[in-house]
Amino acid sequence: TGEAIGFHDRLQGWQEQRLDRDIGDFIVKRADGVFAYQLAVVVDDAAQEITHVVRGADLLASTPRQIWLQRQLGLPTPSYLHHPVAILPSGEKLSKQTGAPPLDDANPLPSLVRAWDFLAQALPPAAPASVAEFWQWARRAWAPTALPPVVMLPVPR
């Protein structure tokens, strides 16, 4: 369609895309019969009654496609917030593919605290003793307004 699909991202502000001009046709079902991410995430979010989506800014450009699909299917559109993505000094996104060390499954708490700090969130007054305690505190303390409105942030050294 020639219509602009626009939405207000709670961090990145107003976003708008003309799918016909900026994207063109996009895949909703792959040649192997598997439904593509764009359709799967729309249906999954609606089935789970998701009202707020918080995800990396690397997915910001795909959001108008999802909103278009939501409208076509008569599904609700959640509120979106796209936080900065961690990047290496080379400019690459921090990921398994770029050599990021795996999370320590036996002791994930330090990684959670580092990620929380990276997202400019206030750290708890006393160090949490467990992952459950961290999440209990984090749910109350989450402050999206503290996030920097950028799409990428360098990983602290």
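Once you know that position 122 of the sequence shown is 122 in our numbering, the rest is easy, because the numbers rise by one and skip nothing.
Glycine residues also receive a C-beta, built at the ideal position from the N, C-alpha and C atoms.
Bear in mind the structure is a predicted one, so any value in this text is a computation, not a measurement.
Buried or exposed (CB count within 10 angstroms, at least 16 for buried), W68: Looking at its Cβ environment, which holds 16 or more other Cβ atoms inside 10 Å, W68 is buried.
Pick from P84, G99, T98 and A47 that is closest to L60, judged by C-alpha positions: When C-alpha distances from L60 are compared across P84, G99, T98 and A47, the shortest belongs to P84.
Beta-carbon proximity check, A4 vs E16, cutoff 8 Å: For A4 and E16, yes; Cβs fall inside 8 Å.
Beta-ladder partner(s) of A87, from DSSP: According to the sequence provided, residue 87 is Ile. The question's Ala does not apply to it. I87 pairs with K93 and P154.
Segment limits, beta strand (DSSP E) that includes Q17: In the DSSP annotation of this structure, the continuous segment of the beta strand (DSSP E) that includes Q17 starts and ends at G13 to R18.
Buried versus exposed, by CB contacts within 10 Å (16 or more), A57: Classification of A57: buried, given that the 10 Å Cβ count is 16 or more.
Option nearest A141 by Cα separation, candidates L119, R18, L11 and T98: Selected option, being the one with the closest Cα: L119.
Bridge partner(s) assigned by DSSP for A126: DSSP lists no partner for A126.
Sequence-distant residues of its chain with Cβ nearer than 8 Å to K29 (five each side left out): Only F35, A36 and L39 meet the Cβ criterion.
For V75, the three-state DSSP class (helix, strand or coil): Note that residue 75 corresponds to Leu in the displayed sequence, not to Val. In the three-state reduction of the DSSP assignment, L75 falls in the coil class, being assigned neither a helical nor a strand state.
CB of D9 within 8 Å of CB of L75, strictly: Not in contact: D9 and L75 (Cβ atoms no closer than 8 Å).
Beta-ladder partner(s) of D9, from DSSP: According to DSSP, which records beta bridges pairwise, D9 is partnered with G13 and Y80.
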